[in-house]
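Participant: Numbering (my numbering), first residue to last: 72 to 335.
Just so you know, even glycine gets a beta-carbon here, dropped at the ideal spot from N, CA and C.
1. Using only the alpha-carbon positions, how far apart do residue 215 and residue 248 sit?
2. Please report how far the alpha carbon of residue 93 lies from the alpha carbon of residue 126, in whole angstroms.
3. When DSSP labels each residue in this structure, what does residue 107 get in the three-state scheme?
4. For residue 237, name the three-state secondary structure that DSSP assigns.
5. Here's a check: name, in chain order, each residue in its chain whose Cβ is nearer than 6 Å to the Cβ of residue 278, leaving out the five neighbours to either side.
6. Only counting the same chain, and skipping five residues up and downstream in sequence, which positions put a Cβ closer than 8 Å to that of residue 170?
7. Please classify residue 120 as buried or exposed, where buried requires at least 16 other C-beta atoms within 10 Å of its C-beta.
8. Closest by CA to residue 291, which one among 136, 150 and 303?
9. What first and last residue would you give for the alpha helix (DSSP H) that runs through residue 124?
10. Pick from 168, 306, 177 and 181: whose alpha carbon is nearest that of residue 232?
11. From residue 335 to residue 272, what does the alpha carbon distance come to, in whole angstroms?
12. Quick one: what's got a C-beta closer than 6 Å to residue 155's C-beta in the same chain, skipping five residues either side?
13. Assign residue 285 to one of three DSSP states: helix, strand, or coil.
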């Protein structure tokens, strides 16, 4: 019996890496996306070219109909659901004193409401099936690192980690583990479009000396949905190269900058 994974926000970046990676692992993958139809089609073509199976579902994660649709598509197409990777989310950079209600509401609607009810729809199906399952939510290092201009986003990601803990209490007795991953500085097309030197500039914050990739997050998710992680639930696995534990001193920053050279 083929296992079935749902990945929301699968059109680009980490979501695409998760979609492609789980398809390579033998999952039939249902990819949810909102506005980036081109990116979603690229994800699907990549999976199919590698011999994988994929279905696309378009919709706004904040809309409850989208949560229902993506579960219904998985069941209608493949008969079941085994894994949900609730990755879809938006990032807004807006300083607190300048924050607008409309952007705040957008962050909450997508990152919190959307994740909550997509997880609920998936969990209801997993409970109905009666043989357990895995739910992985996407947080961020911003849930624990304060960065200027990210108050609303950071708040939403901290709430995701609280959600994972609370869902673990309710769902783990039914064989459904719920965890979160918290990526750090990850190189992707969006970051490179803003800063072509993103990988080089942000490597300085990570003790491992490099930024992360979608493959790094995929590796963490693979563990959390594996049989080996059956005793792991309600946790957040931080994938950040050590960024959140690196209490940099001024001397550290000066030394690292010198090592990177004048163009660092």
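Facilitator: According to the structure shown:
1. Position 144 of the chain shown holds residue 215. Position 177 of the chain shown holds residue 248. Linking residue 215 to residue 248 through their CA atoms gives a straight-line distance of about 23 Å.
2. Reading the chain shown from its first residue, position 22 is the one you call residue 93. Reading the chain shown from its first residue, position 55 is the one you call residue 126. Distance between the alpha carbons of residue 93 and residue 126 is about 13 Å.
3. What you label residue 107 is simply residue 36 of the chain shown in a count that begins at 1. In the three-state DSSP reduction, residue 107 falls in the coil class, being neither helix nor strand.
4. The residue labelled residue 237 in the question sits at position 166 within the chain shown. It is helical.
5. Within the chain shown, numbered from 1, the residue matching residue 278 stands at position 207. Answer for residue 278: 313 and 317, listed in chain order.
6. Position 99 of the chain shown, counted from the first residue, corresponds to residue 170. So the list reads 222 and 223, once near-sequence residues are dropped.
7. Numbered from its first residue, the chain shown carries residue 120 at position 49. Classified as exposed, residue 120 has fewer than 16 neighbouring CB atoms from the shown chains inside 10 Å of its CB.
8. Numbered from its first residue, the chain shown carries residue 291 at position 220. If we check each option's Cα against that of residue 291, 303 comes out closest.
9. Reading the chain shown from its first residue, position 53 is the one you call residue 124. No alpha helix (DSSP H) contains residue 124, which is instead part of the beta strand (DSSP E) from 124-129.
10. The sequence position of residue 232 within the chain shown is 161, counting from 1. Among 168, 306, 177 and 181, the Cα nearest to that of residue 232 is on 306.
11. As a working note, residue 335 is residue 264 in the chain shown. As a working note, residue 272 is residue 201 in the chain shown. Here residue 335 scores only 49 on pLDDT, less than 50, and its place in the model should not be relied on; the value that follows carries that caveat. In a straight line, the C-alpha of residue 335 is about 6 Å away from that of residue 272.
12. For the purposes of this step, residue 155 is taken as residue 84 along the chain shown, with counting starting at 1. The residues are 77, 193 and 206.
13. On the chain shown, residue 285 is found 214 positions in, with the first residue counted as 1. Residue 285: helix per DSSP, three-state reduction.
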